[in-house]
Every structure is written in C-alpha cells, then in structure tokens.
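To start, the structure under review is shown below, and the notes come after it.
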Amino acid sequence: MKAAGVDAGSAYVYALRMTRKGLLFPIENGKYTLSGDPYIVASQISSVSYISFISALSLYGQVEQVLKDIFVVSPVFHREIDFGGMTIRFIKFPKDLFFGYRKIQREGSYIMLADKEKALTDSLYRTKYVRFNVLLKAMENETDYTKFVEYVIRYGRESVIRRAGFLLDFIGVKHNLKPGTRVFYKLNPALEESGVLNRKWKLYVNDDFEGGTE
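Under my numbering, think of the first position of the sequence shown as 11, with each following residue one higher.
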C-alpha cells in the first residue's frame, strides 16, 4: 500500500526513526502524532469527540487530585489508549447530547473541551466518572448556573434533572427544575449503596457528602 508516493515499508521505517528521535509518538495501530500531549491526542483521535467529566473539570482548575485518566465523550466505541503516562478512556454518548463543547488552543494545536457546565451535566448523566463530593465542590466555584440549567433541560433526561435540582437546592441556588415523573432514582447509580431518600426529588442520596435528606 502506498501513500503520498511512499510505500508502507518505507513509511514504517521513517516513522520508527522519528519515534526514536522523539519527534513522533506512537498512538495505536500504526498511527503516530507529532504531539506528546495526551490531552491533544485524546480529543483528536475521533473526528467528533470532546474531553469531559473530571478531566474537563481538572483543566478548568476545579480538581485538586492528580489524574491518571482522560475521559473523552465519543459517538462511537473506541478501546482505551495508553499515551503519555495517562489512559485515554472513551465514553460512548448518543448523538443528541453532543453540544456544549468548543475548540481550545493548546501548545500549538488544539483540544475539544466541554464547557464547565456541560462537564457537570455529563457527570450527572454518567455518574461513575466523578464522585459527587468532587462534583459539588466544582459546582460551587465559578459556575454559570443559568447555562447549567439550560444544559440540564436540553439533555431531556429525568435522572439528570433530578440530580441537578437536588444539588442546586443543596448549595442554595434558585432554579426552575422540577421532577417530571414519580419514578425513584439514585443520586449515584454507579454505587451499590441504597442511600437515604430525598422526598422532594424522589432521589436516594447514596454518595459521599453530608445533608440533602429532607
């Protein structure tokens, strides 16, 4: 197979030499990159994808802990990739939830990054990627609550509305969210604990922070 007038064997040898010189970095299956930044690589593996969850919150300076994973929202399944000392993990989302992210310039290239408010909303949809004590702390700091509520409503998922409404109540932020059904949900379904029932939101509070059981 040839590309740009270079046969596959020659291209492989050239890539190997460049890699040994530290000018190319292997990603997967014969794919290479000029960037050694795992965040740049993470958001450019898939043509439609963006960094979200705790990874995005960390880039916004909202997380104190050192992360070993980069979580990327993608419309298709992709196996995880180890790159630059981090593991890039792809979380498959339905296409109607692809909004609220933008291109950010980074080290001569770019990353696709969720707005902080979208990262919060994504975390309420797929709850296993951020613990709620971390999420709550991020929500209390420099959050555009109007945008956050707009994203929650646009999501159109009852479970997300319940969790968002509960957390906004907990930190004392006024909003117009209301339960839409009588179905009960867990605050964090990724945890086995049943938790204590919050009757207003019909939500079992089963993650690690105080209060919220009125």
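Idealized CB from N, CA, C, for every residue including glycine. Only a predicted model underlies this, so the values are computations on that prediction, with no experimental measurement involved.
- If you look at V76, you'll find it isn't in any beta strand (DSSP E); DSSP assigns it neither H nor E.
- Excluding the 5 residues flanking it on each side, M96 has same chain C-beta neighbours closer than 7 Å at P48, K78, D79 and I80, in chain order.
- Leaving aside the five residues that flank R167 on each side, the residues in its chain whose CB is nearer than 7 Å to its CB run, in chain order, Y135.
- For the pair K212 and G182, the Cα-to-Cα distance works out to about 19 Å.
- By the C-beta criterion, the stretch 139–150 is judged not to be in contact with the stretch 84–91, since fewer than 3 inter-stretch pairs fall below 8 Å.
- The shortest CA-to-CA distance from F158 to any of K105, F103 and N186 is the one to N186.
- In this structure, the beta-carbon distance from A66 to L123 falls below 8 Å.
- For D106, the secondary structure class from DSSP, reduced to helix, strand or coil, is helix.
- Take V83, set aside five residues on each side of it, and the residues of its chain with a beta-carbon closer than 7 Å to its own are S59, Y60, S62, I101, F103 and D132, in chain order.
- Note: Y111 is bridge-paired with A124 in the DSSP secondary-structure output.
- The beta carbons of L197 and G205 sit closer together than 8 Å.
- In the structure shown, T153 falls within a coil segment according to DSSP collapsed to helix, strand and coil.
- Our two residues, V76 and E160, have alpha carbons roughly 30 Å apart in a direct line.
- For F194, the three-state secondary structure derived from DSSP is coil.
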